[in-house]
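S.K.: Take a look at this one; I'll ask things after.
Number of protein chains: 4
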Amino acid sequence: MKLWGGRFATAESKLMEDFNSSLSFDKTLYKQDIAGSVAHVKMLSKCGILKKDEEYLILSALEEILQQIESGSLTIEGSYEDIHSFIEAKLTEILADIGKKLHTARSRNDQVAVDMKLYAKEKSNEIIIDVQRLIKVLKELGQKHSNVIMPGYTHMQRAQVITFKYHLLAYVSMLERDARRLHNAMDILDESPLGCCALAGTTYSIDREFTANALGFSKPVNNFLDGVSDRDYLIELLSAFSIIMMHLSRLCEELILWSTKEFNFVQISDQFATGSSIMPQKKNPDAAELIRGKTGRVYGSLISLLTTMKSLPLAYNKDMQEDKEPFFDSVDTVQASLKVMAEMLKTLKVNRNHMKEAVKMGFLNATEVADYLVLKGLPFRDAHSLVGKIVLYCEENQKAIEELNLEELNQFSNYFDETIYDYIEYENSLDKGIKKEMK
Amino acid sequence: MKLWGGRFATAESKLMEDFNSSLSFDKTLYKQDIAGSVAHVKMLSKCGILKKDEEYLILSALEEILQQIESGSLTIEGSYEDIHSFIEAKLTEILADIGKKLHTARSRNDQVAVDMKLYAKEKSNEIIIDVQRLIKVLKELGQKHSNVIMPGYTHMQRAQVITFKYHLLAYVSMLERDARRLHNAMDILDESPLGCCALAGTTYSIDREFTANALGFSKPVNNFLDGVSDRDYLIELLSAFSIIMMHLSRLCEELILWSTKEFNFVQISDQFATGSSIMPQKKNPDAAELIRGKTGRVYGSLISLLTTMKSLPLAYNKDMQEDKEPFFDSVDTVQASLKVMAEMLKTLKVNRNHMKEAVKMGFLNATEVADYLVLKGLPFRDAHSLVGKIVLYCEENQKAIEELNLEELNQFSNYFDETIYDYIEYENSLDKGIKKEMK
Amino acid sequence: MKLWGGRFATAESKLMEDFNSSLSFDKTLYKQDIAGSVAHVKMLSKCGILKKDEEYLILSALEEILQQIESGSLTIEGSYEDIHSFIEAKLTEILADIGKKLHTARSRNDQVAVDMKLYAKEKSNEIIIDVQRLIKVLKELGQKHSNVIMPGYTHMQRAQVITFKYHLLAYVSMLERDARRLHNAMDILDESPLGCCALAGTTYSIDREFTANALGFSKPVNNFLDGVSDRDYLIELLSAFSIIMMHLSRLCEELILWSTKEFNFVQISDQFATGSSIMPQKKNPDAAELIRGKTGRVYGSLISLLTTMKSLPLAYNKDMQEDKEPFFDSVDTVQASLKVMAEMLKTLKVNRNHMKEAVKMGFLNATEVADYLVLKGLPFRDAHSLVGKIVLYCEENQKAIEELNLEELNQFSNYFDETIYDYIEYENSLDKGIKKEMK
Amino acid sequence: MKLWGGRFATAESKLMEDFNSSLSFDKTLYKQDIAGSVAHVKMLSKCGILKKDEEYLILSALEEILQQIESGSLTIEGSYEDIHSFIEAKLTEILADIGKKLHTARSRNDQVAVDMKLYAKEKSNEIIIDVQRLIKVLKELGQKHSNVIMPGYTHMQRAQVITFKYHLLAYVSMLERDARRLHNAMDILDESPLGCCALAGTTYSIDREFTANALGFSKPVNNFLDGVSDRDYLIELLSAFSIIMMHLSRLCEELILWSTKEFNFVQISDQFATGSSIMPQKKNPDAAELIRGKTGRVYGSLISLLTTMKSLPLAYNKDMQEDKEPFFDSVDTVQASLKVMAEMLKTLKVNRNHMKEAVKMGFLNATEVADYLVLKGLPFRDAHSLVGKIVLYCEENQKAIEELNLEELNQFSNYFDETIYDYIEYENSLDKGIKKEMK
């Protein structure tokens, strides 16, 4: 079933039909497509282009088709070019000639554009909720272990003492930006392309405000050519998704690290781990590895669509059909990753003693020793250099700084007195200065 | 000159020193680095960590260094690890011990983060202005040729008649989104990382609100670990830049197409074209080709930073130093491309007659014929099919639709009468329905 | 059905099971998986690890499973972790305890590695055949129109006269490199990972040469850890696929250009074009646009896998499961694109007159005029400059160079005499110097 | 200085001149450009297009220019369009009219193509040597610690015992493939484009075999249009470089992991580590982090050039000028990374005791326990499940398997007898089956 063909003398080749058909994936859009048609038909009727009884019949038939699809009695398949052709064909089966009026003052170019925008909005909203749920889980996990200290790392080397809760809150900050980014993308895309028709509007006096409003958009797009050939919003969302996955990949990397025998900071629940087919002892953090691996997949979709859109002249080109699969796949990937991460964290066991133990090794209080010397009057750069030498001494003698006695410390500087031990005690340091914010 | 080394027994290898040093590119940030230090020093003084006279001396010396760099009397070079080390070294040369106090309660991790954010804000603002200038040029060019009609294309096939002005306005819509996208990115990044120190704040009671305010940020970041390891804003901007370049690549493609002998719609000024070293007759649209080609470059930078940030555990890792070159390069590329495009359009010659001539060939009024039949009572889908057959007839007989006489038309449908010719006249059609918006 | 679980106290969550299962896509590998098992079982028997009758029973059962899958009586579905688990489960259903012996001295890590390599080899061979078929079609198309001349372009500006055949042969050269590139990739991957087990070989004295040989590999891999974690060959193939798509995208761009009303050099058959749902006259080169658009898709898969593999420590990590979908999808995309291109070219109509007509406009003989002057004694750089001025004169007077009379030409140089007209005649120029190669 | 301009009425704008000029980066190619001109001039003379004395003068002048550049007395700068224009201008300064003959039967299109190929060959050869040096260092490091055992990991979980040497040999296998891949790319590119001229050869009877031979290519390219517009070899090399960087990123990740306090398997020399500006105790594995980070940079260059080349019609387009910077930068990045890695490994300290200690924890002999049971008669899948239960018991009782007494073991299976302890001793297991290859 084709929506065109009058001017064609030879039939499409079977090879081409398969290559060209988007039905196998754009069937995802059936709900949006019907919603778009409903708004369009109401508008046509309001503008006098369809009669009231035609409107009524078409709306009833569209409703029927929707129900059949959702109930499973109508399967979306067959040699249709796309979901739009499929639904129009079903409509014409039900209504004959009246069904053929649906496409008045509309092209598939504006139809698919409005379908994708409706889908993008719906899914972005869902993802924002997924992000917020994960934020909640992170906060609760932090709260539950609010007094747990651990080493903070830079360059994967132990650096300074922090709290586990505060570490998790770093991810909350990232995710809050993610949610803002999605909101911003939705703001920019919030214009309806319906009514642009193929690229040049229509000789009918249709009401684009009406359909924009009916479909929940803030207004119609400004320009017809842009309206049918704009895929910015998909790229912007794929970029926002890529950043989300990047954030998750960082958290996954940490969960995987922390689950090693070497770190042993956390235990991932059996529910989110798997075993080995050969090594009976293995318990692997597969969920975290999969999310980390899927980051590449979403990056790939971003670069895919950016590449496809490069250098396309106005307005619509068929290349743009390649926007759907990467976007649908990325939506699914991001949603699943956020959900799995949330559940994995909910069931995470925290080995607070190992974390605390790790704080003690690695001179995590060296910066505080330098700060102490600065308070006593040494310029910071000199204090830093001096403490470096103390650390070297400690390494050679396998001691922590707090294990040096005053005599040893005074070999490096006379500024040291008894108060140093209290000053550099790990938990104490979290009570000083702006470090309090970590508690 | 290193800002560390106390704890090191062996010197860095020369190979490593070259590999590690970022001075050759992060010198771009000298102004931002000094601005950050000025704010930091004022805050340290306000909080009683530096004395008033120390503040005064350091500020004077920083001002002196800035002036020396800008006047060219101080060249940023030498075996310094980075711009931060360079400036701290110069300061210490001038002030000795007092200079060594600059780094109190600060790490290079928060220092470079604040430098990059200041740079990103400044450049994004400049790019917004470049975008707005290009918008202005597009509008003026459209206005200057406001009554020029041309074929609108889909699939690079002539589709329907449009105005040249309206075609240009499609790019205005794209660029307006670009400006919004940059504003949104700037909104999200608008938090100061200064004071996060290495990753865990500091035992000093510093005032992060003060430095945030002094540097023009709306507030300090929420989380220290996130503050020093967040590169989201660079990725988000690179994504926005990529979309800008994608838009420009589309316009370039059209300018190149329109400049071909085959289209001959426009002439690019000699000022923005080049010749061939062997073919004396050639005049090539190099500026447009270069912008189109540079699109890949900006996409590459985006994927580069996304890849670099993937799976990095908290907080700072040296990998992040790789954020600078792709970002600096992309800023330069986008700015140059926007400027060149604007100037090229200003000097563009439009061949209105060729455009008009092209409208006549290609059945650009076929949709209007279908609309005409629908008004007479035919369902759109039937009208579409019928007009398809008329087109096939025209092609075989090498005629335009408007060149068919009524007898010929009536062989296809009795709905046709004399009114058809007026209805499908090209310029007339722009007065009908929502097509009026194109004028 | 899990191949592990003895050490697990809690069951996997349903969410995780869905997230983790690869059955929905790695079922593609059922044939390769069974082939790998057949070779493994024969080897185990040969080495005395399985008894002869066990070998016989397992081989028969594997053969039965293969036939059931291929006949459709066994559907690959259910809550299995992957295709390996599925087939082992079916085997155990048939053979009970003996089936449980299949996995002796093997891990899924080496099993999936060998499956993927077998798949990659098979598909690469198929793609080489597709490439060669397209080469044949290009050569035949050129041969069919062997005396057709057309403008050669640089910067999309008419440059010098060439033959249509020779233009097509440029793509033949590209595709020949593509075939070599695929062969090279297959050479490098031609080592069997079977026997590496999880990462460290096995305490059994298995015979890796035997299985390598049985499966058609030249030898076993050198290193167990590398054998299970190497995905180079998929990346190398995805890179080769990307270059193929880049080549096709260039040819598509030209077909789309040549099909415009403006160029009108070729007509794509109705079999590979589609129409518009609204504009009855439209005939769009969809096949070419789709292939061009799908280029982004394959680039995306390349970047996806490169990203996934970045920074993974040895040996196997679950991230690597993300190699399959992008690779499978790219194989399908490249194969379909090559096939569609070949068929589209077979049915292409060439408008030789329009091509020839285009040669005459655009000063395509300007370089020959310069060559003429050089033969007469002028240095090339001066000749080039002088001909540039002639072209400017021609443009102002709307003449071709060959339309200037001798008097006009002599105003520019006295070197011109009557012989110039013959020298710069378009078809003649193809008989001179190395241009003969174009015929 | 332009090599064109005769047909231009208006001068290039300054903005365009800067945007268009490639001199600032293609000056890298001065040596290759002169080598190409030398071969070209010799050929022109041999073919009688230049006179012997002209050849002599031009070759002398080219030699002089080369020496001046290398000695530093001639700086490559100024308002030249590119390195080709620069050198031709210098030649004409020295020789006047005779210099203007250099460009006979040559275009910059074939000139730059031959320059890039010469550069690509030279650099690829250097990189192959860098790869081989790193292979040597890895082998030596393994040899030096040939009896060191360590845990092998999958999913970053301790899996089975391996040798440190064997782990390093996995990287040797990867690097050997890298070298092969570079060789293959060089094989494919080994055809000279010189003589293709702009796109259509030349009316001169030049000798392309001669120049191909003189420049060390195996033969001239098959097709002129392809010769000037082929950038496959750069993409193929960038892909090979990306895989090299991916390999290095994996090794870096391991070095960074192994350098953590938690693993503590190795110590990176002070020569390849750096410190912190604030935390005096820090010693960071910066070299490894930088290489890991630079992986993104090379991936970015690959995607950049793939994007640029997409959909470019034949033959040369100015977009292709964007091939140089990403390629030059990637060559430098890969070379520096390989060299730094080699030196870092040479100075690496291996903590053999920590590695050995780690082997004992993590049930690394569980697979051997299962193998033991299989030898006693249990099907592997049952043995696997049973050992899983033993591990669970061990975890609950905080014991290693070898610490269980026979009584405990027999609770799980009667197959166990005294021989089990010897069978599962770690070092022993490396003497069994194909595990011997690891020694």
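Residue numbers (our numbering), protein chains in the order written: chain A, 1 to 439; chain B, 1001 to 1439; chain C, 2001 to 2439; chain D, 3001 to 3439. By construction, the Cβ of each residue, glycine as well, lies at the ideal position given by its N, Cα and C atoms.
(1) Contact between the region 245-257 of chain A and the region 286-302 of chain A: three or more CB pairs below 8 Å?
(2) In its own chain, which residues sit with a C-beta less than 7 Å from the C-beta of residue 217 of chain A, not counting the 5 before and 5 after it?
(3) Tell me, to the nearest whole angstrom, how far the beta carbon of residue 1245 of chain B is from that of residue 3198 of chain D; I am working on the premise that it is less than 8 Å.
(4) In or out: residue 2010 of chain C buried (at least 16 other Cβ within 10 Å) or exposed?
(5) Quick check: the Cα distance between residue 1419 of chain B and residue 1362 of chain B, rounded to an integer number of angstroms?
(6) My understanding is that residue 141 of chain A touches residue 345 of chain A, with C-beta atoms under 8 Å, so please give their C-beta distance in whole angstroms.
(7) Could you check where the beta strand (DSSP E) with residue 3240 of chain D kicks off and where it finishes?
(8) Could you check what DSSP says for residue 228 of chain A in three-state terms: helix, strand or coil?
(9) Residue 3331 of chain D to residue 3186 of chain D, Cα distance in whole Å?
(10) Can you check which of these residues, A:311, A:417, A:103, A:354, is closest to residue 1156 of chain B by C-alpha distance?
(11) Relative to the C-alpha of residue 348 of chain A, which residue among A:73, A:117, A:269 is closest?
(12) Is there contact here, the region 1075-1089 of chain B with the region 1169-1180 of chain B, by at least three beta-carbon pairs under 8 Å?
(13) Could you tell me whether the Cβ of residue 1258 of chain B comes closer than 9 Å to any Cβ of chain D?
(14) By the DSSP assignment, the alpha helix (DSSP H) with residue 1151 of chain B in it spans what residues?
(15) Sorted by chain position, which residues of the same chain lie with C-beta nearer than 7 Å to residue 3333 of chain D's C-beta, five sequence neighbours on each side aside?
(16) With residue 200 of chain A and residue 1435 of chain B assumed to form a contact (beta carbons below 8 Å), what rounded beta-carbon distance in angstroms separates them?
(17) Is it the case that the Cβ atoms of residue 423 of chain A and residue 368 of chain A are separated by a distance below 9 Å?
(18) Can you give me the C-alpha to C-alpha distance between residue 1247 of chain B and residue 109 of chain A, rounded to a whole angstrom?
(19) How far does the alpha helix (DSSP H) with residue 2292 of chain C in it extend, from its first residue to its last?
(20) On the three-pair Cβ rule with 8 Å, is the region 1070-1083 of chain B touching the region 1143-1159 of chain B?
(21) So is the beta-carbon of residue 400 of chain A under 8 Å away from any non-hydrogen atom of the ligand MN?
(22) Of all Cβ atoms in chain A, is any one closer than 9 Å to the Cβ of residue 1146 of chain B?
(23) With 9 Å as the C-beta to C-beta threshold (strictly closer), list the residues of the region 142-167 of chain A near chain D in chain order.
(24) Considering only residues of the region 1154-1193 of chain B, which uninterrupted beta strand (DSSP E) runs meet the minimum length of 3 residues and lie entirely inside it, listed in chain order?
(25) Once the 5 residues before and after residue 465 of chain A are set aside, which same chain residues still bring their CB inside 7 Å of it?
(26) Take residue 1098 of chain B as the anchor and find which of A:377, A:203, A:385, A:99 has the nearest alpha-carbon.
(27) Which residues, in chain order, does the region 1377-1399 of chain B contribute to contact with chain A at a C-beta distance below 7 Å?
(28) From the beta carbon of residue 287 of chain A, is the nearest beta carbon of chain D less than 9 Å away?
(29) Kindly indicate the opening and closing residues of the alpha helix (DSSP H) around residue 3026 of chain D.
(30) On a CA-only basis, which of B:1241, B:1014, B:1417, B:1050 is nearest residue 1180 of chain B? Give me that one, please.
(31) Which residue's Cα is closest to the Cα of residue 2222 of chain C: D:3169, D:3182, D:3235?
(32) Can you grab the Cα-Cα spacing for the pair residue 1440 of chain B / residue 1023 of chain B, in whole Å?
(33) Within the chosen definition, does the region 13-30 of chain A reach the region 311-325 of chain A through at least 3 CB pairs nearer than 8 Å?
(34) Give me the Cα-Cα distance between residue 101 of chain A and residue 1355 of chain B, rounded to the nearest whole angstrom.
(35) If you follow the alpha helix (DSSP H) that residue 3069 of chain D is part of, which residue opens it and which one closes it?
(36) Leaving out five residues before and five after residue 251 of chain A in sequence, what residues of the same chain have Cβ atoms less than 6 Å from its Cβ?
M.R.: Reading from the atomic positions:
(1) The region 245-257 of chain A vs the region 286-302 of chain A: in contact.
(2) Short of 7 Å from the beta carbon of residue 217 of chain A, and not among the five residues preceding or following it, lie these beta carbons of its own chain, in chain order: 190, 191, 192.
(3) About 28 Å separates the beta carbons of residue 1245 of chain B and residue 3198 of chain D, which is beyond the 8 Å limit, so they are not a contact pair.
(4) Residue environment for residue 2010 of chain C: exposed (fewer than 16 other C-beta atoms within 10 angstroms of its C-beta).
(5) About 21 Å.
(6) For a cut-off of 8 Å, the C-beta gap from residue 141 of chain A to residue 345 of chain A is around 6 Å, short enough to register as a contact.
(7) For residue 3240 of chain D, there is no enclosing beta strand (DSSP E); the residue is found in the alpha helix (DSSP H) stretching over 3232-3258.
(8) Helix at residue 228 of chain A.
(9) Answer to the nearest angstrom: the Cα atoms are 15 Å apart.
(10) The option with the nearest alpha carbon to residue 1156 of chain B is A:311.
(11) Answer by Cα proximity: A:269.
(12) The region 1075-1089 of chain B makes no contact with the region 1169-1180 of chain B; the number of CB pairs closer than 8 Å stays below 3.
(13) Not an interface residue.
(14) Here residue 1151 of chain B belongs to no alpha helix (DSSP H); instead the beta strand (DSSP E) covers 1149-1154.
(15) Once the five neighbours on either side are set aside, the close Cβ partners of residue 3333 of chain D are 3294, 3297, 3298.
(16) Right, the Cβ-Cβ distance comes to about 7 Å (below 8 Å), so this counts as a contact.
(17) Taking C-beta atoms as the reference points, residue 423 of chain A and residue 368 of chain A count as a pair closer than 9 Å.
(18) About 19 Å.
(19) In the DSSP assignment, residue 2292 of chain C falls within the alpha helix (DSSP H) that extends over 2286-2309.
(20) Contact between the region 1070-1083 of chain B and the region 1143-1159 of chain B is absent, because fewer than three Cβ pairs lie under 8 Å.
(21) Questions concerning the ligand MN fall outside what the structure shown contains, since it holds no ligand whatsoever.
(22) So, not an interface residue.
(23) Taking 9 Å as the Cβ-Cβ cut-off against chain D, the residues of the region 142-167 of chain A that qualify are 151, 153, 154, 155, 156, 157, 158, 159, 160.
(24) Within the region 1154-1193 of chain B, the complete beta strand (DSSP E) runs of at least 3 residues are 1157-1163.
(25) No answer is possible for residue 465 of chain A: the residues shown for chain A start at 1 and end at 439.
(26) The shortest CA-to-CA distance from residue 1098 of chain B to any of A:377, A:203, A:385, A:99 is the one to A:377.
(27) So the list reads 1379, 1380, 1381, 1382, 1384, 1385, 1386, 1387, 1388, 1389, 1391, 1392, given in the order they occur along the chain.
(28) No Cβ of chain D is located within less than 9 Å of the beta carbon of residue 287 of chain A.
(29) According to the DSSP assignment, residue 3026 of chain D belongs to the alpha helix (DSSP H) that extends over 3023-3026.
(30) Considering only B:1241, B:1014, B:1417, B:1050, the residue with the shortest C-alpha distance to residue 1180 of chain B is B:1241.
(31) Answer by Cα proximity: D:3169.
(32) Here chain B covers residues 1001 to 1439 and nothing more, so residue 1440 of chain B does not appear.
(33) As far as the Cβ criterion goes, the region 13-30 of chain A touches the region 311-325 of chain A, which means the pair count is three or higher.
(34) Cα-Cα distance, rounded: 34 Å.
(35) The continuous alpha helix (DSSP H) containing residue 3069 of chain D extends over residues 3052-3071.
(36) Counting only residues of its own chain and dropping the five nearest sequence neighbours on each side, residue 251 of chain A has a CB closer than 6 Å to the CB of 171.
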